[in-house]
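*Asks:* My structure is below; once you've seen it, I'll send some questions.
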Amino acid sequence: MRRFLFLVLCVFCALPAAAQDAEAPIQQVMQAHAAELAKASRRTIQPAIDALTASGLPAAQTVMERWQNKEMWQDETTGLFVFAEEIDRSTIRIFDVSDGSEIGVVPDDDYKQLKPNSGVRGLIAAALVKFQLTDPSVDVRRTALDAIARDPDDTHLPALREVMVGETDGDLSAQMQRLERLLTIEFGADDAEKIVAIQSFDGDLGVDARAALNPLVRTRINVAEVAPDDPALVRLITPGDAALPKTEAYSLLVDKGLAPPLIPPSEVREALIRNIDGDRVAGVEVASLSTDAARNAAFATLVDQGLAEPAATVAEMDASLDAFQFFELYIGAPPAVALAAQEVLSGIEASVALNQTADLALDAISLASIYFLAAIGLAITFGVMGVINMAHGEFIMMGAYTGYVVQLFVPDHTLSILLAIPLAFLVTFAAGVAMERLVIRWLYHRPLETLLATFGVSIALQQLAKNIFGTQARPLTAPGWLDGSMVINDIVSISYIRIAIFILALIFLALFLIVMNRTRLGLEVRAVTQNPRMAASMGINPDRINMLTFGFGSGIAGIAGVAIGLYAKVTSEMGSDYIVQSFMTVVVGGVGNIWGTLLGATMVGFLQKGIEWMNPSNTLAAQTYMILFIILFIQFRPRGIIALKGRAAEA
Amino acid sequence: MKKSLLGSTAAILLGTTLPALACDAPIKVGVLHSLSGTMAISETTLKDTMEMLVDQQNAAGGLLDCQLEAVVVDPASNWPLFAEKARELLTVQEVDVIFGSWTSVSRKSALPVLEELNGLMFYPVQYEGEESSKNVFYTGAAPNQQAIPATDYFLEELEVEKFALLGTDYVYPRTTNNILEAYLQDKGIAAEDIFVNYTPFGHSDWSKIVADVVALGADGKKVGVISTINGDANIGFYKELAAAGISADDIPVVAFSVGEEELSGLDTSDLVGHLAAWNYFQSADSDANEAWVEAWKARMGEERVTNDPMEAHYIGFNMWVNAVTAAGTTDVDAVRTAMYGQEFPNLTGGTAVMLPNHHLAKPVLIGEIQADGQFDIISATDPVPGDAWTDFLPESAVLVSDWKELGCGMYNTETSTCVQIESNY
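Below is the structure:
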């Protein structure tokens, strides 16, 4: 039945396709390259693209643009190409490629969509440049510039120079000039022109500039009896340097046929053992072969007698190495160009290193502020009250999910985040108060039980979140104005969301200080933590204060959750990622002091980034080393960076 | 359709010649997927898939005149618990077959139990290879069905000259990256042009690693990222990529563990054009797939998506059903013999074949991420036979697995001996 229907449909679909102009010149060009177009690969597609560009047909540009956008389909029976747009899963509306006129609506079973991959799309874009550079739209011209930057070829330089003068958009004009200089380095007519372009990049930190310069200064190590007096010569190398170990130098000699292959001592021995005749080898008594020198001499005799392949021993290797000069030659460009590039690059590299350090420092500050934000709630509940709250991470998670739920109801991202922050505080404040009332107040001064009970609560909360929100990560989308990053140059940049977290961390530091030092609640909290009985006798209700303090700490964790969810993810397990770091931060900094927490977060952040920099291939190892370091640190300063002194310490 | 018709004809014929099989108890299908803990994020979906497949089969008349019953246990992302739960399924629940596991470490934990009790397990996830157990059928991709074709695509179509291999720190990424490093050096990529980095599960601080990858481009070579980052960590990674403004045209990323399900937690508008390599994408244009997606959405909700391990279970389950029908029994040894050469149409069009090394022959697809969180399939190969032992590591190049002819999962072709029968490697 299905097949029959399909056949009927096909009879109809064949009709409109027949109406299409199979003789149109552009269709002819495409048919000549039908096989390449149908199965486009970057390796084989260039002739087809060239044919389209060279055809000079007005339709060529549209064809390439729509092909690039995956809007071209091929009729599988006739092999003709059409433009098409999908109406639904199984029908398409097709258009003629020569003039774009509509042919009809057909089922897509008979048509195959051409899907050029991004490599092919890059080549199409490079070919389209010559049409797009003169386009009236700024966006199209910018697309053309991006295409040149990605896949430059020698036709782009004259095309770019032609339009560069007339460019009116200031931004675009600057981009064009930069690109023109980059292209000149690669495709410039003569060395003088190239050198001028190279020198213009002095001090430029762009990755594209370095990408253009680095290939010019490629070198190769060569060898000769006497190094030639060649301007391309970079330097002489002594074998045994870091750049050229002796074995490599020697294999270079062997490759060039200037020396026999090296033979290790073990093979010398084996060759000698093979040739033992009675108690003598090559006329020498076996018993006398107790030194390397003696064995090598015997081996040489064997070679003379034709009993062994000629080969060099380690001692001979050094001798042959000394007889030749090893040197490095520029091979990427003519010497003058290479030298100019080298000079500019050396200048750039110094500032690259400086900027990389700056970037690393920014990353470290950002990480520190994230740890600080995650830990600040704990600094209150653990630092001030001394409650080991293993469910602290789950309060962070609750805050993040609150943000997610708010976004479900308030689609405007800016507004939803502004709403989510106080709501997350309220939700986690309530949860904190409930937990204090139900669990923690029964367990004050029993740290082990508190630890176990809160750990249980943490697991329960995780599973609860899984049951409510499912196991898949939920999106918490930052408002549009926090997208992207602040780019200082091509090396130093930091995403806006991280800057926002940094500012949030500063705000909370201020909030904490104000609440603890300038409010009645802060005064009472300090009084209760120092001496609950004395505080009670002064008319303070310790139960109430403990409850409020715990709620306050939990509430701040909730807000931290919103921030962390924005930059990372919202899952039921996100809390457990931060709980260890949070405790580490508070303990290293010194329990009971917010400045200690700040210093602790800074130290942990910088340490983490520093170790990552030294060991870029394994981030997990970096975390391990950091924990080891912190254990050591605690050995020497058991009370953390800022240790409480006096009566407060005994409380 | 024709296939299962043939199968049922065979079953009827068997039923008339043999003494009628009395169905005194339902056939039990064990489902060993974590429903809690870190891996629940991925594995819960597979539990739902298995329940749907069992229900569909029951609606179609069951198997050997019996109803099927799914027995679900929760190993809670706790690797040793996988062994315990497998034992419970085989000895207490007495299931006839198990479908389960996601991470390699959980599979390796269940292996000794399966081999000791002669159970039968179908493992649906792409993995690092270097294993072939008599009691496991691997319906996910081996490295040569995912990693190697994707790397070829990078080398040939995108002309990538410098590789960043980023992975989560556990057995699958490490083994895959070892294979890829050997393969790339084989293809003439210098060792210093391969940057490797491992991060912990759930890593979220990606800014430095992304900056490192960008800096790789400073010598004028095209950089590509091969990501074996697993689970939640991907979200932070892609967010940082988007924040850094890295376009897929400049630095393409191909991921081996990111599918439709993982992307559903992300705003994908900035990720358009980045790649993933799988044997299945929800966007595959075939009638079977359309029906499958429809059934899944009808059961689980309109916003739910389908992914590659689900298709692996779909193929594995249907092959098992056909093998049981052909064997006329659920006895493990009889079913295993009937499995070899089983063919079943896969959802992307074409046919999957079960090979004697317990792996499938399947096509490899490469898809580009689209703004709607789906993949646009831009490259599809002919079916690639899964290779249990990779050809690119010298110590495993000499090994083959052939349970049908050689009766050995680790056979050394140089010495013509079976290295070992049990998979305690």
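Taken in sequence, the protein lines are chains L and P. Going by my numbering, the first sequence opens with residue 1, and the numbers climb by one from there. Going by my numbering, the second sequence opens with residue 652, and the numbers climb by one from there. Here a beta-carbon is modelled for each residue, glycine too, at the ideal position from N, C-alpha and C.
#1: If you reduce the DSSP assignment to three classes, tell me which class P/L740 lands in.
#2: Just by C-beta distance, which residues in the stretch 19-47 of chain L are closer than 8 Å to chain P?
#3: Rounded to a whole number of angstroms, what is the C-alpha to C-alpha distance between L/L216 and L/V337?
#4: Beta carbon of L/A473, beta carbon of L/V570: below 9 Å?
#5: In angstroms with no decimal places, state the Cα-to-Cα distance between P/L672 and P/F968.
#6: Expressed to the nearest angstrom, what Euclidean distance is found between the alpha-carbon atoms of L/Q581 and L/I594?
#7: Determine the DSSP secondary structure at P/D716, reduced to helix, strand or coil.
#8: Among residues of its own chain, excluding the 5 on either side of L/F131, which ones have a beta-carbon nearer than 7 Å to its beta-carbon?
#9: Would you say P/K838 reaches chain L, if we count a Cβ-Cβ gap shorter than 9 Å as a contact?
#10: Report back the beta-carbon spacing between L/Y371 and L/V604 to the nearest angstrom; my notes put them in contact at under 8 Å.
#11: In chain order, what residues of the same chain have a beta carbon less than 7 Å from the beta carbon of L/F629, not counting five sequence neighbours either side?
#12: Could you name the residues of chain L that P/G853 contacts, counting a contact when the two beta carbons are closer than 7 Å?
#13: Do L/K609 and P/K890 come within 9 Å of each other at the CB atom, strictly closer than that value?
#14: Sort out for me which residues DSSP pairs L/R474 with in a bridge.
#15: Going by other Cβ atoms of all chains shown within 10 Å of its Cβ, with 16 needed for buried, is L/G480 buried or exposed?
#16: DSSP three-state call for L/S617: helix, strand or coil?
#17: Going by other Cβ atoms of all chains shown within 10 Å of its Cβ, with 16 needed for buried, is L/G600 buried or exposed?
#18: Considering P/L1011, what are the terminal residues of the beta strand (DSSP E) in which it resides?
#19: Note down the Cα distance separating L/A557 from L/V405, rounded to an integer number of angstroms.
#20: Rounded to a whole number of angstroms, what is the C-alpha to C-alpha distance between L/M591 and L/N389?
#21: What is the DSSP secondary structure of P/K785, counted as helix, strand or coil?
#22: Ignoring anything shorter than 3 residues or poking outside the stretch 284-333 of chain L, list the beta strand (DSSP E) runs there in chain order.
#23: Alpha carbons only, please: which of P/S855, P/N930 and P/K838 is nearest the one belonging to P/G641?
#24: For L/L632, is the classification buried or exposed, using 16 other Cβ atoms within 10 angstroms of its Cβ as the cut-off for buried?
#25: Going by alpha carbons, who is nearest to P/T695 out of P/S752, P/I840 and P/T919?
#26: Have a look at the DSSP bridge pairing and note the partners of P/A1003.
#27: From this set, L/F429, L/A192 and L/V138, which residue's C-alpha is nearest L/G555's C-alpha?
#28: Would you mind sorting L/I468 into buried or exposed? The rule is 16 or more other CB atoms within 10 Å of its CB.
#29: Counting only the same chain and skipping the five closest in sequence on each side, list residues whose C-beta sits under 7 Å from that of L/L367.
#30: Return the chain-ordered ranges of every alpha helix (DSSP H) run that is complete within the stretch 425-512 of chain L and spans a minimum of 4 residues.
#31: Which residues of the stretch 193-209 of chain L have a Cβ closer than 7 Å to any Cβ of chain P? Give them in chain order.
#32: Within 10 angstroms of its Cβ, does L/L476 collect 16 or more other Cβ (buried), or is it exposed?
#33: Pull out every residue of the stretch 458-482 of chain L whose Cβ sits closer than 8 Å to any Cβ of chain P, in chain order.
#34: Does L/T91 come out as helix, strand or coil in the three-state DSSP assignment?
#35: By the three-class DSSP mapping on this structure, what secondary structure does L/Q113 have?
#36: Measuring only between beta-carbons, confirm whether P/A862 sits less than 9 Å from chain L.
*Replies:* Reading off the structure:
#1: helix
#2: S41, R42 and R43
#3: Each residue's CA atom was taken as its position, placing L/L216 and L/V337 some 8 Å apart.
#4: yes
#5: Here P/L672 scores only 49 on pLDDT, less than 50, and its place in the model should not be relied on; the value that follows carries that caveat. Approximately 22 Å, taken between the alpha carbons.
#6: 16 Å
#7: coil
#8: Q61
#9: No - not a single Cβ of chain L is within 9 Å of the one on P/K838.
#10: 6 Å
#11: L607
#12: Taking the beta carbon of P/G853 as reference, the chain L residues within 7 Å of it are E573 and D577, listed in sequence order.
#13: No, these two residues do not count as a Cβ contact at 9 Å.
#14: L/V570
#15: exposed
#16: coil
#17: buried
#18: L1011 to K1013
#19: 17 Å
#20: According to the sequence displayed, residue 591 of chain L carries Val and not Met. So the two alpha carbons sit approximately 14 Å from each other.
#21: coil
#22: 325-330
#23: Not covered by the structure: residue 641 of chain P. The range shown for chain P is 652 to 1076.
#24: exposed
#25: P/T695 has its Cα closest to that of P/S752, out of P/S752, P/I840 and P/T919.
#26: P/F995
#27: L/F429
#28: exposed
#29: G605, Q608 and K609
#30: 447-469
#31: V207
#32: buried
#33: Q463, K466, G470, T471, Q472, A473, R474, P475 and T477
#34: strand
#35: Assignment of L/Q113 by DSSP, reduced to helix, strand and coil, places it in the strand class.
#36: Yes, P/A862 counts as interfacial toward chain L.
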